[in-house]
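Undergrad: The sequence shown lines up with residues -7 to 158 when you count with the numbering used here.
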Amino acid sequence: MTEEGFPPAQPPHDLAAEKAVLRAMLRSPKAVADVVEILAGSDFYRPAHELIHDAVLAVYARGETPDVVTVTAELGKTSHLTQAGGHVYLHTLTSESTTGDTWKKSAERVLATSVLRRTLQATARIEDLVAQGVTHDLDSFVDTVQAEIHAATLLDRTHIPPAGAS
């Protein structure tokens, strides 16, 4: 509880969108190829979803088709299967029906909420800097603040693996 008696606000996220993206990745190698151009594993709010995303990419990068079986095996090899929700969760992801939105729109929502979370984290660091005050060099202070905001909003996708699956 906060001082006002309200539960603390959750950071921005959209679990339905995260599930839609993972569902698409587990159903279609073409979706994997497209998703990696939009999202990194760290863009997912739920840690299990990041693990599943990264396992899909590992399978895809080896030239195998990422599906429930291969991704379950990959998560088992890395000892992350339980953390990712187990094979039942993976089956549940693929068996759920899709919503009217495309998975690309879902990926864009996941990315947008990720940028919002990173921006909140950056503003907290900037608040700490402001509270400390400018002790030496104003230019250095401004550069640090600008770097924090730039890093929070950077859409760098250097993580893209080579296309492996067809």
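Just so it is clear, CB atoms sit at the ideal spot from N, CA and C, and this is done for glycine as well.
(1) Which residue marks the beginning of the alpha helix (DSSP H) containing S89, and which one marks its end?
(2) What does the Cβ neighbour count give for K11, buried or exposed, with the cut at 16 atoms within 10 Å?
(3) By a C-beta neighbour count over all protein chains shown, 10 Å radius and 16 as the cutoff for buried, is P160 buried or exposed?
(4) Excluding the five sequence neighbours on either side, which residues of its own chain have a C-beta within less than 7 Å of the C-beta of I141, listed in chain order?
(5) Find out if the Cβ-Cβ distance for the pair V102, D26 is shorter than 8 Å.
(6) Exposed or buried, which one is S132 when buried takes at least 16 other CB atoms within 10 Å?
(7) With distances taken Cα to Cα, identify the nearest neighbour of V60 among A8, D135, L85 and A139.
(8) When the Cα atoms are used, what is the spatial distance from D129 to A1?
(9) Could you compute how far the alpha carbon of L112 sits from the alpha carbon of S71?
(10) Tell me the DSSP secondary structure of G68 in three-state form.
(11) May I have the straight-line CA-CA distance separating Y52 from V107, to the nearest angstrom?
(12) Count the other CB atoms, across all protein chains shown, that sit within 10 Å of the CB of G77; report buried if there are 16 or more and exposed otherwise.
(13) What would DSSP say about A9, mapped onto helix, strand or coil?
(14) In three-state terms, what does DSSP make of A99?
(15) In three-state DSSP terms, what is H128?
(16) By how many angstroms is the C-alpha of V48 removed from the C-alpha of E88?
(17) Kindly give me the distance between the Cβ atoms of V24 and P58, rounded to whole angstroms, as I take these residues to be in contact under 8 Å.
TA: In short, the structure shows the following:
(1) No alpha helix (DSSP H) contains S89, which DSSP labels as neither H nor E.
(2) buried
(3) Missing from the structure shown is residue 160; the chain here goes from -7 to 158 and no further.
(4) A114
(5) no
(6) exposed
(7) L85
(8) 35 Å
(9) 32 Å
(10) helix
(11) 26 Å
(12) buried
(13) helix
(14) helix
(15) coil
(16) 18 Å
(17) 6 Å
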